[in-house]
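*Asks:* These protein sequence lines are chains B and Z, in that order. The first sequence begins at 237 in our numbering and counts up one residue at a time. The second sequence begins at 3 in our numbering and counts up one residue at a time. Glycine included, C-beta positions come from ideal geometry on N, C-alpha and C. Here you go, one structure.
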Amino acid sequence: MATDTSTNKVAVEFRGVGRTFPGVVALEGVSLEVAVGEVHAVIGENGAGKSTLMKLLSGLHQPTSGEIRVGGKVVGIGSPAAAQGMGIAMIHQELNLVEELSVAENIYLGREKTRLGLIDRGAQEAASAKLMETLRCPGILPTIRCGDLSIAQRQMVEIAKALSCGARVIIMDEPTAVLSVREIGALFEVIARLQADGVTVFYISHLLDEVLRVSDRITVLRDGRKVTTLGREEVKAATAKTLANLMVGRPMEQYFPARKACGEEVVLEVRGLSVGRAGGDVQGVSFEVRRGEIFGLAGLIGAGRTEVGEGIAGLRKLLAGEVLVRGGGSVAYLSEDRKGTGLTLGMNVRENTTLASLEKHTSRWTGWVGRGSEVAVTRGHVESMRIRTAGIERRVDTLSGGNQQKVALAKWLETGPSVLIVDEPTRGVDIGAKEQMYKLIQDLTQGGMACVLISSELNEVLGMCHRIGVMRSGRLAAILDGATATEQLVMQHAAGSMEGGER
Amino acid sequence: MSLSSGSNVHWGDRLTKFGPVVALALLVVVTGMLESSFLRPENLVNILRQQSFVGILAVGMTVVVISGGIDLSVGAMMGLAGGVGIWVMNTAVGGAKMVAENAAARVRHAEDAALGLTMPLELPWSAGREWLAGVFGQVGLGGSEVGGMFVAVVATMGVAMLAGLCNGVLIAKGRLAPFIATLGGLAAYRSLSLSLADGGEFRAEGSVFARIGTGGIDLPYVIRPATETAKAIYLQLPYPVIAMFVIAAVVAVVLNRTRFGRYVYAVGNNERAAVYSAINVDRVKIKVYVLMGALVGLAACLLSSRMNSVSSSTTGNLAELDAIAAVVIGGTRMQGGSGRIWGTIVGVLMLGVISNMLNFLDVSPYLQGLVKGLIIVAAVLLQSAGRK
Numbered sequence: 237m238a239t240d241t242s243t244n245k246v247a248v249e250f251r252g253v254g255r256t257f258p259g260v261v262a263l264e265g266v267s268l269e270v271a272v273g274e275v276h277a278v279i280g281e282n283g284a285g286k287s288t289l290m291k292l293l294s295g296l297h298q299p300t301s302g303e304i305r306v307g308g309k310v311v312g313i314g315s316p317a318a319a320q321g322m323g324i325a326m327i328h329q330e331l332n333l334v335e336e337l338s339v340a341e342n343i344y345l346g347r348e349k350t351r352l353g354l355i356d357r358g359a360q361e362a363a364s365a366k367l368m369e370t371l372r373c374p375g376i377l378p379t380i381r382c383g384d385l386s387i388a389q390r391q392m393v394e395i396a397k398a399l400s401c402g403a404r405v406i407i408m409d410e411p412t413a414v415l416s417v418r419e420i421g422a423l424f425e426v427i428a429r430l431q432a433d434g435v436t437v438f439y440i441s442h443l444l445d446e447v448l449r450v451s452d453r454i455t456v457l458r459d460g461r462k463v464t465t466l467g468r469e470e471v472k473a474a475t476a477k478t479l480a481n482l483m484v485g486r487p488m489e490q491y492f493p494a495r496k497a498c499g500e501e502v503v504l505e506v507r508g509l510s511v512g513r514a515g516g517d518v519q520g521v522s523f524e525v526r527r528g529e530i531f532g533l534a535g536l537i538g539a540g541r542t543e544v545g546e547g548i549a550g551l552r553k554l555l556a557g558e559v560l561v562r563g564g565g566s567v568a569y570l571s572e573d574r575k576g577t578g579l580t581l582g583m584n585v586r587e588n589t590t591l592a593s594l595e596k597h598t599s600r601w602t603g604w605v606g607r608g609s610e611v612a613v614t615r616g617h618v619e620s621m622r623i624r625t626a627g628i629e630r631r632v633d634t635l636s637g638g639n640q641q642k643v644a645l646a647k648w649l650e651t652g653p654s655v656l657i658v659d660e661p662t663r664g665v666d667i668g669a670k671e672q673m674y675k676l677i678q679d680l681t682q683g684g685m686a687c688v689l690i691s692s693e694l695n696e697v698l699g700m701c702h703r704i705g706v707m708r709s710g711r712l713a714a715i716l717d718g719a720t721a722t723e724q725l726v727m728q729h730a731a732g733s734m735e736g737g738e739r
Numbered sequence: 003m004s005l006s007s008g009s010n011v012h013w014g015d016r017l018t019k020f021g022p023v024v025a026l027a028l029l030v031v032v033t034g035m036l037e038s039s040f041l042r043p044e045n046l047v048n049i050l051r052q053q054s055f056v057g058i059l060a061v062g063m064t065v066v067v068i069s070g071g072i073d074l075s076v077g078a079m080m081g082l083a084g085g086v087g088i089w090v091m092n093t094a095v096g097g098a099k100m101v102a103e104n105a106a107a108r109v110r111h112a113e114d115a116a117l118g119l120t121m122p123l124e125l126p127w128s129a130g131r132e133w134l135a136g137v138f139g140q141v142g143l144g145g146s147e148v149g150g151m152f153v154a155v156v157a158t159m160g161v162a163m164l165a166g167l168c169n170g171v172l173i174a175k176g177r178l179a180p181f182i183a184t185l186g187g188l189a190a191y192r193s194l195s196l197s198l199a200d201g202g203e204f205r206a207e208g209s210v211f212a213r214i215g216t217g218g219i220d221l222p223y224v225i226r227p228a229t230e231t232a233k234a235i236y237l238q239l240p241y242p243v244i245a246m247f248v249i250a251a252v253v254a255v256v257l258n259r260t261r262f263g264r265y266v267y268a269v270g271n272n273e274r275a276a277v278y279s280a281i282n283v284d285r286v287k288i289k290v291y292v293l294m295g296a297l298v299g300l301a302a303c304l305l306s307s308r309m310n311s312v313s314s315s316t317t318g319n320l321a322e323l324d325a326i327a328a329v330v331i332g333g334t335r336m337q338g339g340s341g342r343i344w345g346t347i348v349g350v351l352m353l354g355v356i357s358n359m360l361n362f363l364d365v366s367p368y369l370q371g372l373v374k375g376l377i378i379v380a381a382v383l384l385q386s387a388g389r390k
């Protein structure tokens with residue numbers, strides 16, 4: 237991105253910063269200087285320490301060693317409010333807007349403009365409109381209820397809120413995780429404009445292509461330590477692969493397992509499937525999946541992929557059509573929303589693993605659950621999937637995203653499915669765990685399962701699937717051969733034009 | 003990065019877990035020092051007995067709260083179920099006699115009318131009750147007190163479980179918030195019992211029924227100033243107390259060791275994930291409220307038997323709040339998903355010890371509510387501090 241490199245003033249500096257939690261060193265000796273008006277990406281696997289670093293800057297945690305300088309002065313950032321006072325704002329992955337309040341009310345929440353002790357709505361709305369103007373989204377009217385905005389628009393409101401607090405440093409935590417291709421483009425334009433105004437942006441993301449596109453410099457963390465900071469020239473020369481190697485600390489030779497042949501026998505047959513949903517029904521989707529096949533469902537967000545998955549799994553009522561599973565066996569659906577519908581976070585690994593198949597462990601007469609058989613089954617999955625946990629009695633919310641995902645998968649494998657639908661199986665999961673997840677999915681299909689892989693990550697679909705169904709606004713637009721399909725081809729069908737191709 | 007969840011997890015966990023026990027122990031020691039007669043076995047048994055009814059409700063309430071719900075109707079439900087039980091029992095025991103008296107009165111009234119006198123006919127028993135008395139007479143349950151006791155227990159349990167079923171169906175199938183559904187129940191059940199007793203009380207006739215609530219198991223213990231004539235004095239462990247502990251143990255096992263119990267936690271933790279895991283969430287919820295009803299029925303049997311009467315306006319009043327307070331003190335999460343029975347029992351005992359202590363210390367009864375309130379709030383504050 238174009239930047240004026242002559243303003244070499246340092247906005248934020250970390251000097252030998254460390255943070256320990258009881259028994260864990262989350263961050264150690266990290267030193268880093270970030271200039272005014274720089275977009276600085278921080279990347280690393282889950283657990284590498286990037287969130288901890290950002291939490292130190294936003295006042296959620298305090299460093300246990302080292303110092304943080306803002307504008308050249310050593311500061312103690314004791315709370316998020318203190319951070320705000322220093323012009324540091326964090327846009328959280330889960331947006332923190334009050335849905336029932338209007339855009340203007342949200343922007344000035346806690347700092348209401350008042351006149352004679354009453355809220356001065358006119359002034360707030362005028363100021364909000366002006367902010368939206370500077371962000372070039374005048375379509376977001378100050379009076380709209382935030383609950384009626386799209387996720388991307390809410391994100392803009394959050395950014396406007398940060399700016400209205402006078403933020404000079406904005407931290408964005410996985411800002412594109414929930415955005416469509418077009419919305420991501422718009423966000424990057426906003427970031428460029430912020431940068432031109434001298435705002436420093438910390439950018440956290442798992443999506444390495446995006447990081448390369450948006451950042452001036454990139455810091456790589458691994459196991460709580462800084463591996464390196466890539467300068468402007470190095471970033472220009474870097475590829476997603478070099479970044480991945482730096483993050484993992486070893487070359488990632490084969491990202492996806494080699495495609496294996498699949499059987500001939502059709503296991504899942506979907507005929508004319510239609511399901512209702514807000515914003516346009518999903519209609520007339522037909523495809524077959526053979527034994528051992530991985531069938532991809534690609535498409536833009538909102539194209540109806542998840543609805544198809546839920547329809548097949550019987551979680552949504554079919555308006556028309558039918559789903560046939562040949563040769564018996566059930567359909568398991570690994571949901572995209574791990575925290576909302578996939579796992580019971582307050583329960584432990586064992587309880588989650590057996591939750592969908594508890595009848596196997598229950599005495600028919602007493603309803604008594606056999607702890608021993610539960611433990612045996614859970615141990616088996618923990619070992620075979622290499623689930624990293626301090627024990628099967630640990631609550632799943634203490635596990636990392638990738639390991640949580642494996643527990644969710646174990647839960648479904650326990651139901652003995654012949655069809656496995658995985659919806660965004662690697663969202664929010666780091667590279668090492670992604671690789672393992674791909675291997676697991678392949679092993680399962682080689683064992684005779686039919687798999688439907690729903691994903692927004694094109695390289696994942698292209699790398700894994702035998703065939704790819706591309707969805708566009710509620711319909712199956714095309715079925716492509718996985719070996720010959722390209723990103724361009726998929727995007728062409730997904731968007732109905734040649735635009736996109738970024739993800 | 004998920005490591006960030008608090009620096010003193012272990013300390014906090016332990017505080018949340020054993021805080022109530024420590025508080026109870028402290029309370030007992032302090033009270034014992036202030037007033038030595040507090041520690042006398044009779045007094046301790048007395049506290050247990052006073053708390054046993056709320057204790058049984060609180061065990062059920064724990065299950066309800068873990069499932070992510072709440073039941074505000076248990077006090078009113080207890081009053082109604084106990085009242086109906088006594089009403090039905092009286093119908094069975096004294097029904098035949100009353101029916102005969104009514105018949106005689108009708109004959110007299112007819113004779114008076116023939117003579118031109120128009121006295122109003124006031125019969126203490128309605129037609130429906132006479133019919134029920136007739137049915138009991140025919141199936142051989144009429145007249146005997148043992149039969150009366152039997153029908154009282156069946157009716158009490160039946161009414162309470164039916165009321166629980168109503169709550170459960172409204173919440174699970176009607177998609178009502180548990181707070182609202184059971185608030186409706188609270189008003190409705192109380193009103194029903196008031197109407198049935200015409201605002202007065204249900205008074206049990208006969209003495210056999212009273213044995214359930216007043217009886218107990220004798221435990222020998224020796225009074226300390228051992229004179230040469232020291233002999234075993236028997237201390238009675240009342241049935242309601244035994245019932246409370248047995249119920250607590252059984253429900254604890256059900257919660258922790260059975261499929262139903264696991265589902266209760268799962269539903270309370272994350273209802274949507276439970277639905278996705280193919281758990282029949284509606285059925286789990288209905289079962290939870292029927293179980294609550296059954297425990298209310300049990301408590302009602304014991305209470306009405308012990309008191310030998312049920313007031314339609316006051317019996318069970320605010321019992322739901324005591325039960326909820328005990329659940330909260332015991333460390334069960336009000337949002338559902340986590341909790342434990344023994345914590346609740348500790349909470350129940352704590353409430354009992356507090357009011358007993360305040361009586362000993364001659365604190366005005368008007369002020370006792372304040373102290374109780376403060377202790378509840380303090381217990382919860384302590385636990386949320388431990389969670390941070």
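Check W648(B) in the structure and name its three-state DSSP category.
*Replies:* Taking the first residue of the first sequence as 1, we reach residue 648(B) at position 412. Helix at W648(B).
*Asks:* Please confirm if S242(B) has its CB atom under 7 angstroms from at least one CB of chain Z.
*Replies:* Looking up residue 242(B) in the first sequence gives position 6. Unreliable placement is indicated for S242(B), whose pLDDT of 43 sits below 50; no coordinate value is reported for it.
*Asks:* Exposed or buried, which one is W648(B) when buried takes at least 16 other CB atoms within 10 Å?
*Replies:* For the purposes of this step, residue 648(B) is taken as the residue at position 412 of the first sequence. W648(B) comes out buried.
*Asks:* Can you find a C-beta in chain B that's less than 7 angstroms from the C-beta of S386(Z)?
*Replies:* Within the second sequence, numbered from 1, the residue matching residue 386(Z) stands at position 384. It does not; no Cβ of chain B falls within 7 angstroms.
*Asks:* When the cut-off is 7 angstroms and only beta carbons count, does A129(Z) lie next to chain B?
*Replies:* Residue mapping note: residue 129(Z) aligns to position 127 of the second sequence, counting from 1. No, because no Cβ of chain B sits closer than 7 angstroms to the Cβ of A129(Z).
*Asks:* Check the C-beta distance from R261(Z) over to L594(B) and give it rounded, since I have them as a contact under 8 angstroms.
*Replies:* In the second sequence, the residue the question calls residue 261(Z) occupies position 259. In the first sequence, the residue the question calls residue 594(B) occupies position 358. That belief holds up - the Cβ atoms of R261(Z) and L594(B) are roughly 5 angstroms apart, short of 8 angstroms.
*Asks:* With a cut-off of 8 angstroms, do at least 3 Cβ pairs link the segment 304-314 of chain B to the segment 388-396 of chain B?
*Replies:* The answer is no - the segment 388-396 of chain B does not touch the segment 304-314 of chain B, with fewer than three Cβ pairs under 8 angstroms.
*Asks:* Are the CB atoms of R251(B) and T288(B) within a distance shorter than 7 angstroms?
*Replies:* Residue numbering aside, residue 288(B) sits at position 52 when the first sequence is read from its first letter. Residue numbering aside, residue 251(B) sits at position 15 when the first sequence is read from its first letter. Their beta carbons are not under 7 angstroms apart, which means T288(B) does not touch R251(B) by this criterion.
*Asks:* Going along the segment 344-366 of chain Z in order, which residues come within less than 9 angstroms of chain B, judged by CB to CB distance?
*Replies:* Hits within the stretch: zero.
*Asks:* Considering Cα atoms alone, identify which of I356(Z), G160(Z), L221(Z) and Y191(Z) is closest to T316(Z).
*Replies:* Here the question's residue 316(Z) lines up with position 314 in the second sequence. Looking at the Cα atoms, Y191(Z) is the closest of the given residues.
*Asks:* Can you find the residues in the same chain that come closer than 6 angstroms, C-beta to C-beta, to E303(B), ignoring five residues on each side of it along the sequence?
*Replies:* Within the first sequence, the letter at position 67 stands for residue 303(B). Counting only Cβ-Cβ distances below 6 angstroms, and skipping sequence neighbours, we find R251 and V310.
*Asks:* For E572(B), which of helix, strand or coil comes out of DSSP?
*Replies:* If you number the first sequence from 1, residue 572(B) lands on position 336. It is coil, neither helix nor strand.
*Asks:* Based on Cα-Cα distance, which residue from L591(B), M583(B), Y491(B) and V525(B) lies nearest to V277(Z)?
*Replies:* In the second sequence, residue 277(Z) corresponds to position 275, counting from 1. The shortest C-alpha separation from V277(Z) is found at L591(B).
*Asks:* What number of angstroms, rounded off, separates the C-alpha of S7(Z) from the C-alpha of L292(B)?
*Replies:* As a position in the second sequence, residue 7(Z) is number 5, starting the count at 1. As a position in the first sequence, residue 292(B) is number 56, starting the count at 1. Unreliable placement is indicated for S7(Z), whose pLDDT of 39 sits below 50; no coordinate value is reported for it.
*Asks:* Can you tell me whether DSSP reads Q728(B) as helix, strand or coil?
*Replies:* The residue given as residue 728(B) occupies position 492 in the first sequence. Helix, per DSSP.
*Asks:* Run through DSSP, which three-state label would D633(B) get?
*Replies:* In the first sequence, the residue the question calls residue 633(B) occupies position 397. If DSSP states are grouped into helix, strand and coil, D633(B) belongs with the helices.
*Asks:* Of all the beta strand (DSSP E) runs that stay within the bounds of the segment 530-572 of chain B, which reach a length of 3 or more residues?
*Replies:* With a minimum length of 3 residues, the continuous beta strand (DSSP E) runs that stay inside the segment 530-572 of chain B are 530-535, 554-561 and 566-570.
*Asks:* Going by Cα to Cα distance, which pick from D409(B), L536(B), C373(B) and K349(B) is closest to A730(B)?
*Replies:* Within the first sequence, the letter at position 494 stands for residue 730(B). When each option's Cα is compared against that of A730(B), the closest is L536(B).
*Asks:* What is the rounded straight-line gap between the Cα of P299(B) and the Cα of G637(B)?
*Replies:* The sequence position of residue 299(B) within the first sequence is 63, counting from 1. The sequence position of residue 637(B) within the first sequence is 401, counting from 1. Distance between the alpha carbons of P299(B) and G637(B) is about 24 angstroms.
*Asks:* Nearest chain D C-beta to T260(Z) closer than 7 angstroms, yes or no?
*Replies:* Chain labels in this structure do not include chain D; the protein chains are B and Z.
*Asks:* Are the CB atoms of L430(B) and A476(B) within a distance shorter than 7 angstroms?
*Replies:* Reading the first sequence from its first residue, position 240 is the one you call residue 476(B). Reading the first sequence from its first residue, position 194 is the one you call residue 430(B). No.
*Asks:* Taking contact to mean 3 or more Cβ pairs, one atom from each stretch, closer than 8 angstroms, check whether the segment 141-155 of chain Z and the segment 84-93 of chain Z are in contact.
*Replies:* Contact holds: three or more Cβ-Cβ distances are below 8 angstroms.
*Asks:* Tell me whether K670(B) sits in a helix, a strand or coil according to DSSP, three-state version.
*Replies:* Numbered from its first residue, the first sequence carries residue 670(B) at position 434. Reduced to three states, the DSSP call for K670(B) is helix.
*Asks:* For the segment 73-113 of chain Z, list the beta strand (DSSP E) runs that are entirely contained and at least 3 residues long, ordered along the chain.
*Replies:* Runs found: none.
*Asks:* Could one say the Cβ of R285(Z) lies closer than 7 angstroms to chain B's Cβ atoms, at least one of them?
*Replies:* Indexing the second sequence from 1 puts residue 285(Z) at position 283. By this cut-off, R285(Z) is not an interface position.
*Asks:* Between L744(B) and chain Z, is there a C-beta pair that is closer than 7 angstroms?
*Replies:* Chain B is shown only over 237 to 739; residue 744(B) falls outside these bounds and no answer can be derived.
*Asks:* If you pair each beta-carbon of the segment 687-702 of chain B with each one of the segment 720-730 of chain B, do three or more pairs fall below 8 angstroms?
*Replies:* Verdict: yes, contact present.
*Asks:* Out of curiosity, what's the CA-to-CA distance linking S4(Z) and M621(B)?
*Replies:* In the second sequence, the residue the question calls residue 4(Z) occupies position 2. In the first sequence, the residue the question calls residue 621(B) occupies position 385. With a pLDDT of only 38 at S4(Z), under 50, the local geometry of the prediction cannot be trusted, and the value read off the model is given with reservation. For S4(Z) and M621(B), the distance between alpha carbons rounds to 21 angstroms.
*Asks:* Taking the continuous beta strand (DSSP E) assigned at P378(B), which residues delimit it?
*Replies:* Taking the first residue of the first sequence as 1, we reach residue 378(B) at position 142. Per DSSP, P378(B) belongs to no beta strand (DSSP E) and is neither H nor E.
*Asks:* Rounded to whole angstroms, what is the Cα-Cα separation between A665(B) and C168(Z)?
*Replies:* Within the first sequence, residue 665(B) is the residue found at index 429, counting from 1. Within the second sequence, residue 168(Z) is the residue found at index 166, counting from 1. Going by the sequence as given, residue 665(B) is Val instead of Ala. When rounded, the distance between both Cα atoms is 45 angstroms.
*Asks:* By how many angstroms is the C-alpha of L304(Z) removed from the C-alpha of L680(B)?
*Replies:* Stepping through the first sequence from its first residue, residue 680(B) is reached at position 444. Stepping through the second sequence from its first residue, residue 304(Z) is reached at position 302. Roughly 58 angstroms separates the two Cα atoms.
*Asks:* Are there three or more Cβ pairs, one per stretch, closer than 8 angstroms when the segment 545-555 of chain B is compared with the segment 508-519 of chain B?
*Replies:* Contact holds: three or more Cβ-Cβ distances are below 8 angstroms.
*Asks:* Looking at C-alpha atoms only, which residue of G499(B), A497(B), V518(B) and K349(B) is the closest neighbour of R507(B)?
*Replies:* Taking the first residue of the first sequence as position 1, residue 507(B) is located at position 271. Residue V518(B) is the option with its Cα nearest to R507(B).
*Asks:* Roughly how many angstroms separate the alpha carbons of V414(B) and I387(B), rounded to a whole number?
*Replies:* Residue 414(B) sits at position 178 when you count from the first residue of the first sequence. Residue 387(B) sits at position 151 when you count from the first residue of the first sequence. Near 7 angstroms, if we compare the C-alpha coordinates of I387(B) and V414(B).
*Asks:* At which residues does the beta strand (DSSP E) containing L268(B) begin and terminate?
*Replies:* Stepping through the first sequence from its first residue, residue 268(B) is reached at position 32. Here the beta strand (DSSP E) through L268(B) covers V260 to A271.
*Asks:* Pull out every residue of the segment 457-477 of chain B whose Cβ sits closer than 8 angstroms to any Cβ of chain Z, in chain order.
*Replies:* Those residues of the segment 457-477 of chain B that come within reach of chain Z (Cβ to Cβ, closer than 8 angstroms) do not exist; the list is empty.
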